[in-house]
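Asks:
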Amino acid sequence: MTNRILITGGAGFIGSHTADRLLREGYTVRILDSLDPKIHPDGIPDYLSPEFELIVGDVRDRDVLRRALQDVSGVIHLAAYQDYLPDLSTFFSTNVVSTALIYELIVAEKLPVEKVVIASSQFVQGEGLYKDSSGRVVSPPFRTREQLGRGEWEHRDERGEVMEWIPTPPTHTAPPNAYALSKCSQEQQGIVFGERYNIPTAVMRYSIVQGSRQSFHNAYSGACRIFSLSYHFGEAPTIYEDGEQVRDFVNIHDVVDANVRVLQSESANSKVFAVGGGRACSIREFDRIVARQFGREDLQPNIPGEFRYGDTRHAVSDISQLMELGWEPKHSIEDSVAEYANYLREMEGLKNVIGRAREKMKGLNVIGSSSQQ
Ligand SMILES: NC(=O)c1ccc[n+]([C@@H]2O[C@H](COP(=O)([O-])OP(=O)(O)OC[C@H]3O[C@@H](n4cnc5c(N)ncnc54)[C@H](O)[C@@H]3O)[C@@H](O)[C@H]2O)c1
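Numbers in my numbering are just positions in the sequence shown, counted from 1, shifted up by 1.
Structure (structure tokens):
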């Protein structure tokens, strides 16, 4: 049996790090990637090893995918459409259809694929789980634009008490947007098709992944990029809401460990895993970590009460299921930010990237401001 692994989206952030690791472990790696010009404006990224077999093509293209699936023992499906743009159908035509096509081709061509790993997202859990003042676990609805406009950031229970977030397990599903809906379908396809057609599958619900090679050119990117670019250029970043929202950042090398572990583990089959950092970090706290990394603790962030409509208030995943496989997050947020900062310093031509990303989001009516600040 071959030890060749196909990584779709393998030229990207998570894919290329996973590819490097598999190569080091003795696998042969084939990458199928469209080299989306938004992510790769200069074509094949310099970091991509020539030892990989690179097929430049689209995961939606049946013939290309059929070729890419020949003689592979495993597939890691990372290629995806991920943006803030309101072209709802593209999330489905890319993410949902490509996943179905992978199973369709494996079944139709009786391909001896022993494992499929599918990339999902913490976004699938939506607002996640909370405890109300009577101790009940509840799943709050997403916050309305009006509520946010009044500066009411927290989820409250029926008595008006602020509810307490709890780490959300991957069994909880409440997709709030087209991206999350498409990822939710990918998860379900992985479980249902995997079992129905006896194609061992594991699904990875990543939290916010951080490290080098994260694209600077994608508007859909988190605080790490924006804050780092700001401090790099000596500007104070803008923090949305009140900065007390907590996030769950996971280091790229821990994500790679998780990918490789589920690829190799039979006990991972037919399961959805939350892949998080195991530590809640508020955005204010994160801001200080980044400022320290860039030696700009003298700068204080702007907190003007703006919000991004559609953001979740708190997002922390329960990673215990993955830890049962022997995995644990080994890298700190500081490690991730330091790696990203080094990567950023090596890049050129980044001026105005923040401004452009911000203008783009304002143009899409995603950023609003509250009347409370
Ligand atoms: N980075 C994160 O924080 C994060 C969090 C949750 C989930 N995810 C998921 O992980 C996966 C990988 O994300 P990433 O951060 O590495 O993204 P990325 O943008 O760095 O890489 C994605 C790669 O896919 C390629 N691609 C896009 N559309 C394609 C298509 N139609 N056909 C072929 N290739 C295509 C791009 O050229 C790019 O190289 C995605 O499925 C994403 O939804 C990422």
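Glycine included, C-beta positions come from ideal geometry on N, C-alpha and C.
Spatial neighbours of D59 within its chain, please: C-beta separation below 7 Å, excluding the five flanking residues on both sides.
Replies: S35 and V65
Asks: Here's a check: name, in chain order, each residue in its chain whose Cβ is nearer than 7 Å to the Cβ of Q373, leaving out the five neighbours to either side.
Replies: For Q373, the pLDDT reaches just 47, beneath the cut-off of 50, and the residue's location in the model is therefore unreliable, leaving the point undetermined.
Asks: Between which two residues does the beta strand (DSSP E) containing H78 stretch?
Replies: Unbroken beta strand (DSSP E) run through H78: G75 to H78.
Asks: Just to confirm, is the Cβ distance from V291 to F228 under 9 Å?
Replies: Note that the C-beta distance between V291 and F228 is below 9 Å.
Asks: Can you give the Cα-Cα distance for G327 and K116, rounded to whole angstroms?
Replies: 19 Å
Asks: In terms of residue numbering, what span does the alpha helix (DSSP H) encompassing K39 cover?
Replies: Neither: K39 is in no alpha helix (DSSP H) and is coded neither H nor E.
Asks: Any heavy atom of ligand 1 closer than 8 Å to the Cβ of Q83?
Replies: yes
Asks: Could you tell me the alpha carbon to alpha carbon distance between S271 and V76, rounded to whole angstroms?
Replies: 15 Å
Asks: Please report the Cβ distance between H254 and L345, rounded to the nearest whole angstrom; I am assuming they are in contact, meaning their Cβ atoms lie under 8 Å.
Replies: Not confirmed; about 18 Å, so no contact.
Asks: Indicate the three-state DSSP secondary structure (helix, strand or coil) for Q374 in the structure shown.
Replies: Only weak support exists for where Q374 lies, its pLDDT of 40 falling under 50; the value from the coordinates is given anyway. Q374 falls in the coil class under three-state DSSP.
Asks: Evaluate N303 with the Cβ neighbour count: other Cβ atoms within 10 Å of its Cβ, from every protein chain shown; 16 or more gives buried, anything less gives exposed.
Replies: exposed
Asks: Using the C-alpha atoms, what's the distance from E128 back to P142?
Replies: 7 Å
Asks: Is A20 near ligand 1, judged by its Cβ being under 8 Å from some heavy atom?
Replies: no
Asks: Considering Cα atoms alone, identify which of G195, R160, R5 and S337 is closest to L102.
Replies: That would be G195, whose Cα lies nearest to the Cα of L102.
Asks: Would you say the beta carbon of Y241 is closer than 8 Å to some non-hydrogen atom of ligand 1?
Replies: no
Asks: Considering just the uninterrupted stretch of the alpha helix (DSSP H) at L66, what are its terminal residues?
Replies: R63 to L70
Asks: Nearer than 8 Å: is that true of the beta carbon of R214 relative to any heavy atom of ligand 1?
Replies: yes
Asks: How far does the alpha helix (DSSP H) with L326 in it extend, from its first residue to its last?
Replies: L326 -> no alpha helix (DSSP H), and no H or E assigned at all.
Asks: Can you tell me which of E52, V57, F53 and I32 puts its alpha carbon nearest to the alpha carbon of G44?
Replies: V57
Asks: Just to confirm, does V117 get its C-beta within under 8 Å of one of the non-hydrogen atoms of ligand 1?
Replies: no
Asks: Should H41 be counted as a contact of ligand 1 given a C-beta to heavy atom distance under 8 Å?
Replies: H41: yes, Cβ under 8 Å from ligand 1.
Asks: Would DSSP call G195 helix, strand or coil?
Replies: helix
Asks: Are the CB atoms of I209 and A275 nearer to each other than 9 Å?
Replies: Cβ distance not < 9 Å, so I209 and A275 don't count as in contact.
Asks: If you measure between the beta carbons of N260 and T29, is that distance less than 9 Å?
Replies: no
Asks: Are V317 and R206 touching if we call contact CB-CB under 9 Å?
Replies: no
Asks: I need the DSSP call for R248, collapsed to helix, strand or coil.
Replies: strand
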